[in-house]
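These notes are about the structure you will find just below.
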Amino acid sequence: MKKHLLSGIITAVLVVGCATNPVTGKKNLNFVSNAELFPSSFQQYSTFIAENKVITGTADARLVETVGGKIKKAAEKYLTYLGQGQYLADYRWEYKLVENKEVNAWCMPGGKIVVYSGILPVTQNESGLATVMGHEVSHALANHGAQRMSAAQLQQIGGAALGAATSGKSESTQQIFAQAYGLGSEVGVMLPFSRSNETEADKIGLTLMAIAGYNPDDAIAFWTRMSAKSGGASQPEFMSTHPSDATRIANLKSLIPEAKATALKVGIIR
Numbered sequence: 006m007k008k009h010l011l012s013g014i015i016t017a018v019l020v021v022g023c024a025t026n027p028v029t030g031k032k033n034l035n036f037v038s039n040a041e042l043f044p045s046s047f048q049q050y051s052t053f054i055a056e057n058k059v060i061t062g063t064a065d066a067r068l069v070e071t072v073g074g075k076i077k078k079a080a081e082k083y084l085t086y087l088g089q090g091q092y093l094a095d096y097r098w099e100y101k102l103v104e105n106k107e108v109n110a111w112c113m114p115g116g117k118i119v120v121y122s123g124i125l126p127v128t129q130n131e132s133g134l135a136t137v138m139g140h141e142v143s144h145a146l147a148n149h150g151a152q153r154m155s156a157a158q159l160q161q162i163g164g165a166a167l168g169a170a171t172s173g174k175s176e177s178t179q180q181i182f183a184q185a186y187g188l189g190s191e192v193g194v195m196l197p198f199s200r201s202n203e204t205e206a207d208k209i210g211l212t213l214m215a216i217a218g219y220n221p222d223d224a225i226a227f228w229t230r231m232s233a234k235s236g237g238a239s240q241p242e243f244m245s246t247h248p249s250d251a252t253r254i255a256n257l258k259s260l261i262p263e264a265k266a267t268a269l270k271v272g273i274i275r
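Here the sequence shown stands for residues 6 to 275, numbered as in our numbering.
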């Protein structure tokens with residue numbers, strides 16, 4: 006009885022939780038709305054900014070603002086082209102350069118962007134920074150944060166269903182099944198899901214770059230520098246949330262022509 010009930014719950018969640026993303030046009034698992042997500046995102050961003058050193062008044066800080074503004078305009082123009090201009094109405098764009106040696110940048114749901122100073126030696130120039138910011142904004146546009154939250158919740162429901170299905174077995178057998186499920190769902194579902202998000206963000210990011218007036222070919226140079234920075238010291242791809250450097254660069258090369266063609270249709274911002 007428990008198994009049938011939980012199976013029905015999972016099925017219902019999958020049916021109700023599939024939503025079409027206005028940027029990609031794909032149906033994705035997502036039962037966390039922007040109306041629910043954005044207030045929390047904005048609060049977390051405000052807390053982070055208050056607790057970290059924001060760099061202002063420097064050439065690098067101004068460059069982050071400049072590139073952020075161009076990517077924002079490109080996103081608005083692209084969504085309008087797709088007939089989804091209203092989708093960005095609740096976005097509250099903000100771009101901050103934060104002092105941190107980590108080679109990283111991120112964009113929270115709703116358009117709140119942080120660039121760490123540690124990534125600037127790798128971006129090197131405006132187009133390198135546009136590669137990074139376009140990619141991070143694309144995660145927000147494609148609702149990848151909400152999708153990952155939804156997938157994690159579904160993973161928990163699956164674990165509960167497994168617990169019910171094995172409740173009559175010995176404790177050691179239940180532990181074996183639970184461990185197998187945890188590893189299998191992570192390696193077989195969650196990690197590939199994250200890698201697909203990265204590839205999708207790369208694709209959208211190239212398009213935003215091109216619309217914003219940057220050359221998408223420059224993304225190859227940036228990711229080549231990132232690969233050199235890591236020195237090849239990365240996990241096997243199937244154990245990682247990100248594609249391998251070689252896979253990413255190959256994907257980017259194949260996606261660049263489409264990004265350029267789309268930018269010409271949408272109109273390049275100068």
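Note that CB positions come from ideal geometry on N, CA and C, so glycine has one too.
In this text the structure is predicted, and so the values were computed from the model without any measurement.
In the DSSP assignment, Leu257 falls within the alpha helix (DSSP H) that extends over 250-271.
By the neighbour-count criterion, in which a residue is buried when 16 or more other Cβ atoms sit within 10 angstroms of its Cβ, Gly272 is exposed. Cβ neighbours of Phe227 within its own chain (closer than 6 Å, five residues either side excluded): Gly133, Thr136. Its Cα nearest to that of Ser45, the residue Gly116 stands out among Arg275, Val72, Gly116, Ile216. In the structure shown, Ala55 falls within a helical segment according to DSSP collapsed to helix, strand and coil. Secondary structure note for Glu99: its beta strand (DSSP E) is the uninterrupted segment 99-103.
Straight-line measurement puts the Cα of Asp223 at about 12 Å from the Cα of Lys265. Its chain contains Gly115, Gly116 as the residues whose beta carbon lies nearer than 7 Å to that of Tyr96, once the 5 sequence neighbours on both sides are disregarded; these appear in chain order.
A Cβ-Cβ separation of about 13 Å leaves Asp207 out of contact with Leu146 under the 8 Å criterion. Looking at the DSSP output, Ile118 bridges to Tyr100, Cys112. Comparing alpha-carbon positions, the option among Thr25, Thr29, Tyr50, Lys258 lying closest to Ser38 turns out to be Thr25. Here the alpha carbons of Ala233 and Thr267 stand approximately 30 Å from one another. Contact between Leu211 and Leu257 holds, since their C-beta atoms are separated by about 7 Å, short of 8 Å. Among the bridge pairs identified by DSSP, Ile60 is matched with Leu102. DSSP places Leu42 in the helix class (H, G or I) of the three-state scheme.
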